[in-house]
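Below: one structure, written as structure tokens.
There are 4 protein chains.
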Amino acid sequence: MSKGIAIFTSGGDSAGMNPAVKCAAEYAARVGYKPWVVYDGLRGLIDDKFAEADRALMSGILHRGGTFLRSSRSKRFFDIAYRRQAYENLQKRGIEKLIVVGGDGSFRAMNQFYADFGVPFAGIPATIDNDIPETDYCLGVDTALNMIRQSVDSIRDTADSFSRAFVIEVMGRHCGYLAMVSALACGAEVCLTPELPYNMDSIGERLRRDLKSGRNYILAIVAEGTKMGDYLTRWINDSIGMEARLTVLGHVQRGGSPTVRDRLMAYKFAVGAVDALERGEKDSIMIYRDGTYSTKPIHQVCDSRYELDPAVLRLCQPLCQ
Amino acid sequence: MSKGIAIFTSGGDSAGMNPAVKCAAEYAARVGYKPWVVYDGLRGLIDDKFAEADRALMSGILHRGGTFLRSSRSKRFFDIAYRRQAYENLQKRGIEKLIVVGGDGSFRAMNQFYADFGVPFAGIPATIDNDIPETDYCLGVDTALNMIRQSVDSIRDTADSFSRAFVIEVMGRHCGYLAMVSALACGAEVCLTPELPYNMDSIGERLRRDLKSGRNYILAIVAEGTKMGDYLTRWINDSIGMEARLTVLGHVQRGGSPTVRDRLMAYKFAVGAVDALERGEKDSIMIYRDGTYSTKPIHQVCDSRYELDPAVLRLCQPLCQ
Amino acid sequence: MSKGIAIFTSGGDSAGMNPAVKCAAEYAARVGYKPWVVYDGLRGLIDDKFAEADRALMSGILHRGGTFLRSSRSKRFFDIAYRRQAYENLQKRGIEKLIVVGGDGSFRAMNQFYADFGVPFAGIPATIDNDIPETDYCLGVDTALNMIRQSVDSIRDTADSFSRAFVIEVMGRHCGYLAMVSALACGAEVCLTPELPYNMDSIGERLRRDLKSGRNYILAIVAEGTKMGDYLTRWINDSIGMEARLTVLGHVQRGGSPTVRDRLMAYKFAVGAVDALERGEKDSIMIYRDGTYSTKPIHQVCDSRYELDPAVLRLCQPLCQ
Amino acid sequence: MSKGIAIFTSGGDSAGMNPAVKCAAEYAARVGYKPWVVYDGLRGLIDDKFAEADRALMSGILHRGGTFLRSSRSKRFFDIAYRRQAYENLQKRGIEKLIVVGGDGSFRAMNQFYADFGVPFAGIPATIDNDIPETDYCLGVDTALNMIRQSVDSIRDTADSFSRAFVIEVMGRHCGYLAMVSALACGAEVCLTPELPYNMDSIGERLRRDLKSGRNYILAIVAEGTKMGDYLTRWINDSIGMEARLTVLGHVQRGGSPTVRDRLMAYKFAVGAVDALERGEKDSIMIYRDGTYSTKPIHQVCDSRYELDPAVLRLCQPLCQ
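Protein chains in written order, with my numbering: chain A, 60 to 380; chain B, 60 to 380; chain C, 60 to 380; chain D, 60 to 380.
The following block contains the structure:
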């Protein structure tokens with residue numbers, strides 16, 4: 060009987076999770092594993108929600124947003140008794156290895172599980188915040204950026220029609236990646252993020268100058284983590300004298316059919332994860348850095364600090380001054 | 060020299076305005092007018108922002124959202140002195156007739172202008188609220204509904220992935236049309252609008268029953284005018300015990316490339332408006348009722364009360380009980 | 060035990076089939092039926108591919124294109140022995156009524172089945188060709204038109220960038236509805252359809268005149284049924300002297316998430332179909348005419364001739380002259 | 060007076076050209092140039108179609124597909140007399156440097172122009188074929204891939220609904236990059252490209268095995284350059300016994316609003332091009348390799364052979380066997 064491998068998604072959902080699960084299951088089968096999936100993330104590991112990853116189950120999921128396996132956060136998993144229960148669920152099915160698609164919290168949980176019971180795992184980074192250290196890219200980011208782009212392009216129609224300012228708040232608690240890249244991609248005039256200091260005086264001068272020389276609307280992107288949405292909207296009304304509105308994009312950003320980039324990254328991460336487990340790696344995280352896919356042991360990932368692409372920071376600098 | 064006709068957009072922007080302007084200009088030219096456009100709505104009439112509607116100007120606007128002529132609200136137009144200025148701007152160009160694409164406020168302004176100076180006009184109803192009396196449809200509604208649909212379909216990905224409730228607030232101050240139709244179209248479980256009384260107790264019972272029998276997420280649509288977004292979100296959290304989030308769609312709903320329905324309606328309204336002026340009608344509003352296009356004098360439109368499609372009301376009834 | 064009702068899709072697939080099935084099943088359950096679905100259309104009726112239409116089965120289908128029940132064409136159904144087999148499949152489950160979502164061929168098959176075994180049915184018109192007599196609208200048309208619009212808007216980018224002509228062939232064997240409406244909606248310069256005679260000489264003159272006065276690209280829409288795609292492309296190359304390319308849109312037109320209009324029509328047709336069966340109608344087809352939903356006995360539908368909206372014909376006239 | 064720089068697009072159009080032009084013009088202005096644009100590519104250089112790249116001209120182009128500057132192919136540019144005419148057009152405006160957004164043919168033309176008149180240039184790679192040597196990425200590829208994805212996802216609806224095979228031909232004359240990546244991203248069962256040898260027997264066996272074990276439809280992607288579309292369609296009909304249809308995606312692939320990836324790449328390439336010219340480079344092409352942006356002299360680019368990403372080749376291998 061072939062050895063079992065189980066795949067699940069954990070933490071906040073992101074586009075690209077479904078292709079990653081599908082590809083990991085199919086590639087694992089090709090190299091000799093019997094693939095399983097777990098529903099409801101860590102909670103499902105404990106509560107025994109497993110299913111064989113056969114063709115019927117994997118069919119029609121590639122192009123769907125979110126995660127068909129569902130995700131969850133689980134406090135019980137911090138308790139060794141529940142982790143033991145999860146381990147028994149693996150044992151009774153002959154599952155010897157795990158692939159987790161999620162964020163660094165989920166990776167840490169798996170690392171603890173490996174310390175407890177010696178079940179090797181591989182982690183595939185997936186979060187729209189793009190804030191996992193050591194990798195330039197996390198699954199779901201490209202789809203989220205394109206959802207934002209479509210929303211902002213739509214808002215621009217009204218901004219331009221009505222000669223108004225729009226402040227658009229995008230997701231990202233500690234990390235302004237989504238805000239910065241979407242500001243660049245959508246040609247916003249202002250971008251406020253946790254990473255870059257801003258100067259309202261010079262922003263004000265710049266905007267007034269632009270409006271004088273013919274600009275008739277303003278688009279500003281703020282990262283959720285700055286909590287500056289309301290303030291900036293009022294400030295544009297009061298200091299710039301242009302009618303301004305705030306739009307909080309919210310969960311629209313998380314969904315949508317995964318883009319080609321997310322699907323392709325999912326493919327490569329998934330193949331890499333199975334290969335890493337095959338090579339005998341025990342606690343590897345897939346990373347994409349400088350155009351190359353590789354793996355790093357979890358402690359190198361989770362003990363690092365996330366650093367934002369300096370080129371993006373430099374390009375955004377003029378938008379907060 | 061051929062007689063002039065001027066076309067402009069006024070009030071809140073909506074998809075379908077651009078195709079209406081383009082088609083009105085082209086059709087007017089075909090039947091012998093010299094077509095003009097006015098930028099910035101009523102404000103542009105006063106401030107003399109006219110342009111000849113030639114091929115170059117009309118090119119590449121059909122598929123763009125919003126209104127390339129821009130819109131505005133103008134208090135000055137209530138003042139006869141400014142209206143006279145507007146009239147002189149028409150006279151010096153030989154413009155004898157007007158087509159206004161907008162809402163009932165704009166129609167009333169034109170009616171006053173007609174009373175003052177005898178310039179006949181035709182009104183094309185355009186507002187995403189779909190709340191202009193006597194017509195079943197206003198330009199922009201179909202595009203707005205499809206923008207909402209795409210957003211809600213995207214949010215559903217996360218709702219389903221994470222077994223959560225999402226409350227989605229859509230536009231509509233006094234009119235719940237957008238909320239109701241998008242609730243039906245997106246299969247929402249709950250819909251709160253100004254038009255329909257709701258019963259939180261029976262909604263609660265229904266949702267709890269659904270969740271027991273297997274449903275794992277909830278979508279609720281609320282009309283802006285109800286101001287119930289925050290309340291409903293907390294109520295689902297507290298009374299239903301499911302984690303709930305609020306998303307206010309905002310101006311994303313206004314933009315987007317006009318749908319085929321909006322473009323085709325724009326075509327027919329525009330041809331109808333030019334034809335009405337050709338027939339000698341002085342103050343007609345285009346209407347679409349029971350599948351038929353016709354015109355009504357403005358007083359019949361503006362003195363009526365808007366009534367929502369009873370079939371839509373009936374279909375939505377179960378969503379607020 | 061409650062009486063059974065079975066719903067299936069038949070003939071060419073179209074967007075709106077899924078919402079129609081879902082709504083018919085849910086509404087039928089609400090008024091006291093036990094709802095079933097049949098996979099694979101008429102073939103599944105014979106081969107006994109039934110499933111209870113419970114919540115789990117109906118979940119997550121509303122926004123999907125095509126038909127999750129799959130469709131088929133079946134020669135066996137012309138044979139009374141197979142029809143009897145189908146009837147026995149109904150009997151053993153207590154299914155007394157049928158709802159068929161499809162085209163007039165499927166309606167006729169059901170009519171024969173009713174003549175044989177007295178099983179009442181209701182038909183919901185669904186075909187992207189929009190060529191079913193007596194109804195102004197068939198499910199799937201609006202989605203198909205918007206898919207075409209997006210493709211043509213995309214092709215326009217290249218046409219304009221490269222000063223080229225593009226001939227775009229859209230679906231529609233005997234009926235030019237899709238071609239005509241998309242030509243209007245996309246601002247095409249030429250539209251060739253089976254319904255309207257064309258004059259290449261006057262088209263040529265018109266295009267040459269347009270190009271002289273500044274136009275830099277040409278979009279032409281041809282209906283599949285005219286078989287004029289290749290010819291027109293060469294003719295533009297040779298007679299107009301502009302580089303021209305042919306694009307056959309093909310099955311891209313059939314898919315895509317149903318638009319709001321298709322979902323709402325599906326809702327109303329489905330409720331109407333169940334209501335008609337409840338009222339005791341035996342062989343009714345749902346129709347939408349002049350803005351109103353009603354039913355007609357099948358012979359009134361299938362013995363009529365389809366007639367295209369004269370307003371659309373009139374608006375398209377200038378595009379083939 | 061500040062020194063002039065002119066930007067133009069040349070060769071086949073691709074999404075990302077507009078953002079590249081806009082960003083190059085704005086960034087060039089920021090570092091002290093007077094930016095110009097040239098309409099109609101090389102032809103416009105000769106025929107003196109220049110415009111100052113001021114704010115009004117650059118406004119509203121970022122999110123538009125194709126190239127608003129239009130493109131062309133020009134035989135006259137091979138003639139030194141016409142090149143001299145182009146040079147004079149530069150001289151009379153004080154334009155000392157050029158940025159060309161296009162393919163390798165356009166780069167070579169600029170190289171000749173540099174040899175003739177010593178006007179330094181920088182090239183930004185833009186072509187949906189992704190076949191320019193030395194760079195992993197060309198502007199427009201990501202948008203083209205996502206247009207293909209949407210089309211294939213739409214066709215899948217019908218394929219699945221009707222249990223059919225669809226063969227989809229995508230662009231790419233000598234290079235199968237689009238075909239391979241879209242086959243992977245869309246989960247196609249078969250992919251035929253110029254780069255990979257195929258084995259119809261083993262493909263046939265594999266498909267028959269899949270269909271036996273439950274698969275009900277087939278998607279196959281073929282690169283234009285293989286000219287295998289018709290053959291494969293008939294072969295599936297005849298050898299596999301499943302009804303098959305061919306769809307040639309055509310120019311739909313070229314258009315569409317640029318994705319975030321294309322806009323961001325455009326930004327970085329454009330900044331890089333201006334910086335290279337500022338550093339005194341005379342004949343550099345922007346490249347993106349292994350996650351890093353840099354420049355290479357044209358001869359190193361144009362004398363190399365394009366090589367496809369080996370990881371993509373490996374992942375696609377199973378699809379042609």
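Quick reminder that beta carbons are idealized off the backbone N, C-alpha and C, glycines included. Given the structure is predicted, the values throughout are model-derived calculations rather than measurements.
Per-residue contacts from residue i into chain C (C-beta, under 7 Å)
i, result
"D212(B)", "H122 and S316"
"T306(D)", "G309, H310 and V311"
Cross-strand partners of residue i (DSSP beta bridge)
i, result
"S343(B)", "A181(B) and P356(B)"
"I154(A)", "G63(A)"
"C379(D)", "For C379(D), which the question treats as bridged, DSSP gives no partner whatsoever."
"R348(D)", "T351(D)"
"A282(A)", "V229(A)"
"G314(D)", "Paired residues: none, contrary to the question."
Simplified DSSP assignment, three categories, for residue i
i, result
"K81(D)", "helix"
"P192(A)", "coil"
"A112(A)", "coil"
"G100(A)", "helix"
"A74(B)", "coil"
"F40(C)", "The shown model of chain C, from 60 to 380, leaves out residue 40(C), and the question about it has no answer."
"A87(D)", "helix"
"I207(A)", "helix"
"G161(B)", "strand"
"L255(C)", "coil"
"A303(B)", "strand"
9 Å Cβ cut-off: residues of chain C touching residue i
i, result
"T252(B)", "By Cβ distance, chain C contributes nothing, its closest Cβ being about 16 Å from T252(B), past 9 Å."
"M287(D)", "Under the 9 Å cutoff, chain C gives no residues; its nearest Cβ is about 17 Å from M287(D)."
Exposed unless 16 or more other CB atoms sit within 10 angstroms - verdict on residue i
i, result
"N386(A)", "Since the first and last residues shown for chain A are 60 and 380, residue 386(A) lies out of range."
"R208(B)", "buried"
"A140(B)", "exposed"
"P317(D)", "buried"
"R122(B)", "Contrary to the premise, residue 122(B) reads as His rather than Arg in this sequence. Its Cβ being crowded by 16 or more others within 10 Å, H122(B) is buried."
"T252(D)", "buried"
"K134(D)", "exposed"
"Q150(C)", "exposed"
"P72(A)", "Sequence inspection shows Asp at residue 72(A); the Pro mentioned does not correspond to that position. Per the 10 Å Cβ criterion, buried."
Nearest-angstrom Cβ-Cβ length linking residue i and residue j, presumed shorter than 8 Å
i, j, result
"I344(B)", "G100(B)", "Actually they do not touch by this definition, with Cβ atoms about 17 Å apart."
"F136(A)", "A65(A)", "No, F136(A) and A65(A) are not in contact; Cβ-Cβ is about 15 Å, not under 8 Å."
"P184(D)", "L198(D)", "7 Å"
"K341(B)", "Y173(B)", "6 Å"
Cross-chain neighbours of residue i in chain D, by beta carbon under 7 Å
i, result
"G125(C)", "D216, T217, D219 and S220"
Partners in chain B for residue i, counting only beta-carbon separations shorter than 8 Å
i, result
"F109(A)", "In chain order: nothing, as chain B lies at least about 18 Å away."
Chain-ordered neighbours of residue i on chain A, where CB pairs are closer than 8 Å
i, result
"T351(D)", "D349 and G350"
"S130(B)", "S220 and F221"
"V240(D)", "V319 and L323"
Neighbour list for residue i in chain B, Cβ cutoff strictly below 9 Å
i, result
"V160(C)", "Neighbours of V160(C) on chain B: none; closest Cβ ~17 Å, over 9 Å."
Interface residues of chain A facing residue i [CB-CB closer than 7 Å]
i, result
"F225(B)", "H310"
Chain-ordered chain D contacts of residue i [CB-CB under 8 Å]
i, result
"L237(A)", "Ordered by position in chain D, no residue passes the 8 Å Cβ test against L237(A), which lies about 10 Å from the chain."
Amino acids of chain D, ordered along the chain, whose beta-carbon sits closer than 9 Å to that of residue i
i, result
"L204(A)", "T318, V319, R320 and L323"
Contacts that residue i makes with chain C (C-beta to C-beta distance below 8 Å)
i, result
"D72(D)", "D216, T217, S220 and F221"
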